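Asks: Got a structure here, written out as structure tokens. Questions coming.
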């Protein structure tokens with residue numbers, strides 16, 4: 001089991017604080033499934049290498065999940081008119097309030113915008129040179 | 001390393017808007033996958049000539065389809081406020097109507113309730129439950145139970161184990177008819193399928209297949225439509241059989 005590095009803890013905590021514990025749970029599961037790499041380097045170089053490896057996993061999970069969500073919503077928007085459906089709302093269990101509108105194209109725009117911002121945050125970690 | 005609490009704050013800021021726009025993305029509560037599978041089924045059944053209509057909780061035709069964010073009961077027919085919807089499925093000319101429901105709780109043999117992501121149940125039983133003062137969990141024969149998992153990579157074997165437990169609990173649902181007869185379903189009356197966007201390892205497939213439960217992996221809009229077509233063909237065959 002790979003130990004999440006400090007950087008990954010920051011990424012996971014950031015997702016949770018931003019309100020996406022589901023994504024952080026999936027990333028944590030993927031990191032725990034990573035094979036342990038033999039320590040060829042010591043100290044900060046090894047830590048840096050491990051951080052990049054785990055950040056890459058985090059990036060893969062987030063991009064995969066968000067792109068799949070975009071595909072699903074686009075497919076729903078294309079399919080709904082043929083089925084005579086104008087709105088698909090997810091409602092709150094307790095009070096029936098609308099939590100999500102699956103046919104709202106603005107939410108797809110928001111997903112793309114999120115991906116752009118995410119790349120801006122994770123990019124510097126992925127590109128950081130490995131310390132020798 | 002330069003990583004610091006600043007990174008945490010930056011990621012939190014990046015995801016904050018996402019949460020407002022798309023609640024629960026990446027969690028089991030994400031509903032887009034359930035809705036997409038449901039609509040794909042409806043489209044496939046209509047292509048085969050079955051009558052499939054969206055219905056609100058009063059069982060009236062609707063163009064605004066609502067899905068509950070979490071598992072819930074079948075609501076009372078006169079319940080106030082927004083309530084979850086379902087699809088009614090019928091072969092033309094046949095009196096034997098069915099209903100497709102999303103995320104309703106089913107009562108198992110133990111008395112415990114279990115969420116079924118998509119279930120196909122007799123219209124007559126669902127109607128009976130809708131007439132109760134507070135509606136209720138579904139209790140009665142069922143014809144299909146779909147477990148849907150929208151995961152990123154490979155599905156854990158514990159998912160298959162949990163689904164097997166649901167089969168054990170739900171496989172012989174019965175319904176007490178008004179005339180004193182009991183309508184009891186047999187195992188062969190019910191189709192159980194695990195449908196997922198993820199890959200599924202052979203041990204999970206073998207485990208489920210031993211109990212005649214089907215597994216459909218990598219069913220997504222973007223991937224090869226072959227997996228989706230295979231699932232829809234099998235499911236539509238089954239619905240045609242049980243509605244005839």
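Protein chains in written order, with this note's numbering: chain E, 1 to 132; chain V, 1 to 244. Positions of the beta carbon are idealized from the N, C-alpha and C atoms, including for glycine. Keep in mind it's a predicted model, so treat the numbers as computed, not measured.
1) If you draw a straight line from the C-alpha of residue 34 (chain V) to the C-alpha of residue 202 (chain V), how long is it?
2) Pairs of beta-carbons, one from the segment 198 to 216 of chain V and one from the segment 146 to 162 of chain V, closer than 8 Å: are there three or more?
3) Going straight from the alpha carbon of residue 66 (chain V) to that of residue 45 (chain E), what length do you get?
4) For residue 62 (chain V), which residues from the same chain have a beta carbon less than 8 Å from its beta carbon, with the 5 sequence-adjacent residues on both sides left out?
5) Determine contact between the segment 120 to 130 of chain V and the segment 82 to 100 of chain V, defined as no fewer than three beta-carbon pairs at a distance below 8 Å.
6) Answer with buried or exposed for residue 22 (chain V), where buried requires no fewer than 16 other C-beta atoms within 10 angstroms of its C-beta.
7) Output the boundary residues of the beta strand (DSSP E) element that contains residue 87 (chain V).
8) Would residue 19 (chain E) count as contacting chain V if we go by Cβ distances under 7 Å?
9) Output the residue ranges of the beta strand (DSSP E) runs that lie fully inside the segment 144 to 221 of chain V and measure 3 residues or longer, sorted by chain position.
10) Determine the DSSP secondary structure at residue 63 (chain V), reduced to helix, strand or coil.
11) Any idea what DSSP makes of residue 123 (chain V), helix, strand or coil?
12) Under a Cβ-count criterion, where at least 16 other Cβ atoms within 10 Å of its own Cβ denotes burial, should residue 89 (chain E) be classed as buried or exposed?
13) Taking Cβ-Cβ distances shorter than 7 Å, what residues in chain V pair up with residue 93 (chain E)?
14) Which residues bound the alpha helix (DSSP H) around residue 242 (chain V)?
15) Would you tell me roughly how many angstroms separate the C-alpha atoms of residue 183 (chain V) and residue 91 (chain V), rounded to the nearest one?
16) When you compare only the Cα positions, how much space is there between residue 146 (chain V) and residue 99 (chain E)?
17) Between V:117, V:115, V:140, which has its C-alpha nearest residue 127 (chain V)'s C-alpha?
18) What's the gap between the Cα of residue 104 (chain V) and the Cα of residue 52 (chain E)?
19) Nearest by alpha-carbon distance to residue 27 (chain E): which of V:242, V:152, V:205 is it?
20) Taking only beta-carbon atoms, is residue 118 (chain E) less than 7 Å away from chain V?
21) Helix, strand or coil for residue 126 (chain E) per DSSP?
22) Which residues in chain V have a C-beta closer than 9 Å to the C-beta of residue 32 (chain E)? List them in chain order.
Replies: This is what the structure gives:
1) Looking up residue 34 (chain V) in the second chain gives position 34. Looking up residue 202 (chain V) in the second chain gives position 202. If you take the alpha carbons of residue 34 (chain V) and residue 202 (chain V), they lie about 24 Å apart.
2) yes
3) Numbered from its first residue, the second chain carries residue 66 (chain V) at position 66. Numbered from its first residue, the first chain carries residue 45 (chain E) at position 45. Rounded to the nearest angstrom, the two C-alpha atoms are 52 Å apart.
4) One-based indexing of the second chain puts residue 62 (chain V) at position 62. Same-chain partners within the cutoff: 54, 55, 56, 85.
5) yes
6) For the purposes of this step, residue 22 (chain V) is identified with residue 22 of the second chain, where counting begins at 1. The residue in question, residue 22 (chain V), is buried, as its Cβ has 16 or more Cβ neighbours within 10 Å.
7) Residue numbering aside, residue 87 (chain V) sits at position 87 when the second chain is read from its first letter. That run of the beta strand (DSSP E) goes 86 to 90.
8) Start at 1 with the first residue of the first chain, and residue 19 (chain E) comes out as number 19. For residue 19 (chain E), the answer is yes, since a Cβ of chain V falls inside 7 Å of its Cβ.
9) 144 to 149, 174 to 176, 182 to 184, 191 to 196, 214 to 216
10) Translated into the one-based positions of the second chain, residue 63 (chain V) becomes position 63. Of the three classes helix, strand and coil, the one that applies to residue 63 (chain V) here is coil, per DSSP.
11) Reading the second chain from its first residue, position 123 is the one you call residue 123 (chain V). The answer is helix: DSSP assigns residue 123 (chain V) an H, G or I state.
12) The sequence position of residue 89 (chain E) within the first chain is 89, counting from 1. Buried, by the Cβ-count rule.
13) Translated into the one-based positions of the first chain, residue 93 (chain E) becomes position 93. Correct list: 68, 69, 70, 72.
14) Position 242 of the second chain holds residue 242 (chain V). It spans 225 to 243 - the alpha helix (DSSP H) in which residue 242 (chain V) sits, taken as one unbroken run.
15) Position 183 of the second chain holds residue 183 (chain V). Position 91 of the second chain holds residue 91 (chain V). If I take the Cα positions, the gap works out to 21 Å.
16) Locating residue 146 (chain V) in the second chain gives position 146, where the first residue counts as 1. Locating residue 99 (chain E) in the first chain gives position 99, where the first residue counts as 1. When rounded, the distance between both Cα atoms is 24 Å.
17) If you number the second chain from 1, residue 127 (chain V) lands on position 127. It is V:140.
18) Within the second chain, the letter at position 104 stands for residue 104 (chain V). Within the first chain, the letter at position 52 stands for residue 52 (chain E). Going from the Cα of residue 104 (chain V) to the Cα of residue 52 (chain E) covers about 42 Å.
19) Locating residue 27 (chain E) in the first chain gives position 27, counting from the first residue. Of the candidates V:242, V:152, V:205, the one whose C-alpha sits nearest the C-alpha of residue 27 (chain E) is V:152.
20) The count along the first chain starts at 1 and reaches residue 118 (chain E) at position 118. Yes, residue 118 (chain E) counts as interfacial toward chain V.
21) Working through the first chain from its first residue, we reach residue 126 (chain E) at position 126. Here residue 126 (chain E) sits in helix by DSSP.
22) Locating residue 32 (chain E) in the first chain gives position 32, counting from the first residue. Those within 9 Å of residue 32 (chain E) in chain V number zero; the least Cβ separation is about 11 Å.
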